[in-house]
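Here is the structure we will look at, set down as structure tokens.
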Amino acid sequence: MLNNIFLVGGGEFKKECTNMDTWVLDKTNSVDPLVAIVPTAASHESPHKAAENGCSHFEQIGAKTTVPMILNRLDAFNEYKLNQLSQADLIYFTGGNPQHLLDTITGTPIEAVLKQGLKNGVIVAGSSAGAMIMGSDMRYQGWRKSLGICDRLAVLPHHENSNPESVLKNFSDKLKSGLNMIGLSASTGVFIDNGKGNVLGNGIVTTYRLNEYNQFRSGEQFQY
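Start counting the sequence shown at 130; every next residue gets the next number (this note's numbering).
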């Protein structure tokens, strides 16, 4: 059963995220949690700024931080950076370009670090692009296979302005194939634990299954 996955709809590291990220930090069960901020998806934008924002945010709520600066596939084989990842209690992939993120880490030792970490109780988190790659399928310039940490799932970030009826209609073929979808508003997250999705943050989470959608707010749960 899938545990310790935290999916965020974008707008990470903002003031509105403080309460939900504090809640997630508590789930590490560490008195001195270490958070690894991974800005791979922002490699072609401003990865150092993304890392700085993440470090500042998590340090303000009581965590230590480290930044494995994994910007390309060569970095994904770097032993020092892999060690930074493996020592973290929470691994957080920032937003940016999901295809670059997926291309950078697929088939590299990072996949093994993530899977072993999850077995050991590490929390794996992603916002926007970072959340999209966690699913089995990803919609970015068309549909494509993703990392597959979350089976039969596609994550739809920045979902606050989407019309659920339209989503249900437009993606009906994917839903018929057995794929489930989670639409996440910005600065809103779902913590998946013991088969349940725990909704956090100020926005709405929309789940899509064949012929139906449901919406949830902070403090509510749904069956994953």
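We put the beta carbon where it would ideally sit given N, CA and C, even for glycine.
query                                                                                                              : result
From D322, G332, S257 and Q189, residue whose alpha carbon lies closest to that of E289                            : G332
Secondary structure of F142, DSSP reduced to three states                                                          : coil
Presumed contact (8 angstroms Cβ cut-off) between D322 and N133, rounded CB distance                               : 6 angstroms
Stretch-stretch touch, CB-based, cutoff 8 angstroms, three pairs: the region 138 to 152 with the region 193 to 205 : no
Boundaries (first-last residue) of the beta strand (DSSP E) holding I311                                           : N309 to L313
DSSP-derived helix/strand/coil call for N249                                                                       : coil
4-residue-minimum alpha helix (DSSP H) runs that sit fully inside the region 170 to 242, ordered along the chain   : 176 to 189, 208 to 215 and 227 to 234
T223 vs A171 beta-carbon contact at 8 angstroms                                                                    : yes
At least 3 beta-carbon pairs within less than 8 angstroms: the region 214 to 229 vs the region 164 to 182          : yes
Distance between beta carbons of L308 and I262, contact taken as under 8 angstroms                                 : Not quite, the Cβ-Cβ distance comes to about 15 angstroms (not below 8 angstroms), so this is no contact.
C-alpha distance - N340 paired with S301, whole-angstrom precision                                                 : 8 angstroms
CA-to-CA distance, K274 to T235, given in whole angstroms                                                          : 11 angstroms
Candidates P176, E188, A179 and E174: closest to T151 by CA position                                               : E188
T147 - DSSP class collapsed to helix/strand/coil                                                                   : helix
Contact under 8 angstroms by Cβ, G318 with M149                                                                    : yes
Cross-strand partners of I166 (DSSP beta bridge)                                                                   : Y221
Residues sharing a beta bridge with E341, DSSP                                                                     : R338
I252 and T335 closer than 8 angstroms at C-beta                                                                    : no
Contacting residues, own chain, Cβ-Cβ under 8 angstroms from V153 (five flanking each side not counted)            : F135, L219, I252, A254, G318, F320 and L329
Per-residue DSSP class, three states only, for M267                                                                : strand
Local conformation of G318 per DSSP, three classes                                                                 : strand
Check whether A258 and G225 have beta carbons under 8 angstroms apart                                              : yes
C-beta contact flag for L203 and P176 at 8 angstroms                                                               : no
Coil, strand or helix - S275 by DSSP                                                                               : coil
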